[in-house]
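Visitor: Using UniProt numbering, read the sequence shown as starting at 1 and increasing by one per residue.
C-beta atoms are modelled at their ideal positions from N, C-alpha and C, and glycine is treated no differently.
Take this structure first; my questions come after.
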Amino acid sequence: MDASEPFTVDTVLAPVDGSDESATAVEYAIAVADRYDASVHALYVLGRGVIRGLDVGTVDETDIAENTQGFFDDVSDIADEAGVTLATSVDDGFSQTRKTRHPGNVVLDTADAIDADFIVLPREPVTGAEAEVLEKAAEYVLSYASQPVLSV
1 MDASEPFTVD TVLAPVDGSD ESATAVEYAI AVADRYDASV HALYVLGRGV IRGLDVGTVD
61 ETDIAENTQG FFDDVSDIAD EAGVTLATSV DDGFSQTRKT RHPGNVVLDT ADAIDADFIV
121 LPREPVTGAE AEVLEKAAEY VLSYASQPVL SV
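Here is the structure:
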């Protein structure tokens with residue numbers, strides 16, 4: 001990019017895991033999108049415990065769907081207030097069969113797939129096994145993303 005070219009953003013990727021920290025990150029993503037007249041794509045990354053539980057039947061898929069949809073509904077209200085278009089998706093942050101599948105790769109693969117221009121993700125230390133999904137991915141994404149990254 002030439003220094004004389006204006007910085008443009010069309011799509012902001014906001015990986016989330018349902019934690020308060022990821023909700024805050026989405027608020028930042030919406031603010032960035034509002035500033036650049038862009039859209040936000042919120043990617044809900046499911047944690048290792050959820051994936052294992054789904055695989056062995058100890059976690060109810062309906063409960064997970066309701067939890068993620070509830071989170072997306074809250075985020076959608078914030079985006080609507082700002083007049084920002086919001087797209088959502090859910091992906092597994094881990095795989096029982098592919099060692100190379102981890103939250104950092106999922107975030108970067110999604111960023112490439114949706115042609116994201118900017119990534120906003122949480123990095124604050126959080127407690128609780130499920131909420132640690134993106135905390136562990138932040139350093140990886142910061143190291144390997146080709147897009148600008150805001151870690152909040």
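Between which two residues does the beta strand (DSSP E) carrying residue 156 extend?
Guide: Because the chain spans 1 through 152 in this model, residue 156 falls outside it and cannot be assessed.
Visitor: Report buried or exposed for VAL16, applying the criterion of at least 16 other Cβ atoms within 10 angstroms of its Cβ.
Guide: With 16 or more Cβ atoms within 10 Å of its Cβ, VAL16 is classed as buried.
Visitor: So, helix, strand or coil for VAL133, using DSSP?
Guide: Reduced to three states, the DSSP call for VAL133 is helix.
Visitor: Closest by CA to ALA116, which one among ALA38, ALA23, ASP55, TYR28?
Guide: Selected option, being the one with the closest Cα: ALA38.
Visitor: Measuring alpha carbon to alpha carbon, tell me which of ASP10, SER22, GLN147, PHE71 ends up nearest THR136.
Guide: The question names Thr, but residue 136 is Lys in the sequence shown. Closest by alpha carbon: SER22.
Visitor: If you compare alpha carbons, which of GLY93, LEU121, LYS99 is closest to ARG48?
Guide: ARG48 has its Cα closest to that of GLY93, out of GLY93, LEU121, LYS99.
Visitor: What does the Cβ neighbour count give for SER143, buried or exposed, with the cut at 16 atoms within 10 Å?
Guide: It counts as exposed.
Visitor: Please work out which residues of its chain come closer than 7 Å, Cβ to Cβ, to VAL59, disregarding the five sequence neighbours upstream and downstream, and give them in chain order.
Guide: Correct list, in chain order: VAL50, GLY53.
Visitor: Just checking my contact of LEU121 with ALA25 at CB under 8 Å: how many whole Å lie between their CB atoms?
Guide: 6 Å between Cβ atoms; contact.
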